[in-house]
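1246 is the number that our numbering gives to position 139 of the sequence shown; each next residue is one higher, with no gaps. Think of the CB as a built atom: it goes at the ideal place given N, C-alpha and C, for glycine as much as any other residue.
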Amino acid sequence: MSEDLPNLSDSSIPEMAVRKVDPAHEPPAPRRAMAIHAHPDDQEFTIAGTLGKWARAGTEIVSVVLTSGDAGSNDPRLRADSRPALARLREAEQLAACRVLGVKRTIFLHYPDGELVADLGLRRALTRVIREVQPEVVLCGDPTAHFYGNSYVNHPDHRAAAQAACDAVFPSAGTRLIFPELLEEGFEPHSVRRLFLHGVEKPDTWIDIAESIDLKIAALKEHKSQVGKTDIGRRMREWAAEDGKQRGLEFAETYRVMVLVDEA
Ligand SMILES: [Zn+2]
């Protein structure tokens, strides 16, 4: 081993990865957080209570939306050339929802809806935005979640977005010589401290969203093309109540949290 190569990383050694999250204590709002999702409205359905709460506690939030939801309607009048107009509508709805939540910046990456693949190109694109924004926390779905109950097959775009997000967070965002072309573009490595996965079977972290459930519902209602006239508020309260039950909370959102940089 050359003496010119000090500080070799040992962070990929599994034995190092024994960290316990304390479920009795809600983690504090981070300084900067990034949410990564496949479609406009994914973030509102899943983590908007957390984002609304954190934004009001001073967290700078950046939302990354990989597709623009341009396949998100089965109106029989639509044709293939309707997709750009639908994308514009759904981006506008997402921006309105982000305004309600207090999101500082929304980034659309314009991948085609319904065709998302967790390939190296997507991982590189996410590595680039993570290195640029330098979030302390990244929130995304659970890439291993394929089936929920007996009636919902997790959308392949959701799985691809979650997989690419996790793989960009670790190891490529923090590893200097992965995607060396990003160094050439001026993006230095950045280590995300915590990864919040939502939609997990066995959560270890509960965020109390009693104070932000109304914000979540208001944000979701901005996705007018998707939620229409359904009583989305009632459904969201039922979901959040179900998630809170285990910890005695009126309304909660739940996560598995990966502690990637130990703050102790
Ligand atoms: Zn979706």
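Check: Specify the secondary structure class of E1360 as computed by DSSP and reduced to three states.; Outcome: strand
Check: To the nearest angstrom, how far is it from the Cα of G1209 to the Cα of S1175?; Outcome: 20 Å
Check: Unbroken alpha helix (DSSP H) runs of length 4 or more, entirely within the segment 1143-1214: which are they?; Outcome: 1149-1153, 1155-1163 and 1190-1208
Check: Between which two residues does the alpha helix (DSSP H) carrying H1265 extend?; Outcome: P1263 to D1274
Check: Whose beta carbon lies closer than 5 Å to any heavy atom of ligand 1, going through the chain in order?; Outcome: H1146 and D1149
Check: Under 7 Å between the Cβ atoms of V1244 and A1140?; Outcome: yes
Check: Counting along the chain, where does the alpha helix (DSSP H) carrying I1324 start and finish?; Outcome: I1320 to K1328
Check: I'd like to know whether the C-beta atoms of L1327 and I1339 end up nearer to each other than 7 Å.; Outcome: yes
Check: Whole angstroms is fine: what's the gap from K1352's alpha carbon to V1260's?; Outcome: 25 Å
Check: Between the segment 1263-1272 and the segment 1127-1138, can you find at least three pairs of beta-carbon atoms closer than 8 Å?; Outcome: no
Check: Pull up the DSSP beta-bridge partners for D1084, would you.; Outcome: This structure cannot settle anything about residue 1084, because the visible part of the chain is limited to 1108 through 1371.
Check: Closer than 6 Å by C-beta to E1151: which residues in its own chain qualify, once you throw out the five before and the five after it? Chain order, please.; Outcome: A1204, A1326 and L1327
Check: Please classify A1280: does DSSP put it in a helix, a strand, or coil?; Outcome: coil
Check: DSSP beta-bridge partners for F1254?; Outcome: V1260
Check: In this structure, does DSSP put A1348 in helix, strand or coil?; Outcome: helix
Check: Let me check one thing: in DSSP terms, what residues is V1245 bridge-paired to?; Outcome: M1141 and L1302
Check: Could you check where the alpha helix (DSSP H) with G1228 kicks off and where it finishes?; Outcome: L1227 to V1240
Check: If you reduce the DSSP assignment to three classes, tell me which class L1367 lands in.; Outcome: coil
Check: What's the call for Y1255, buried or exposed, on a 16-neighbour Cβ count within 10 Å?; Outcome: exposed
Check: List the endpoints of the continuous alpha helix (DSSP H) containing L1289.; Outcome: P1287 to E1291
Check: Would you check if the segment 1167-1186 and the segment 1294-1308 touch, i.e. whether three or more CB-CB distances between them fall below 8 Å?; Outcome: no
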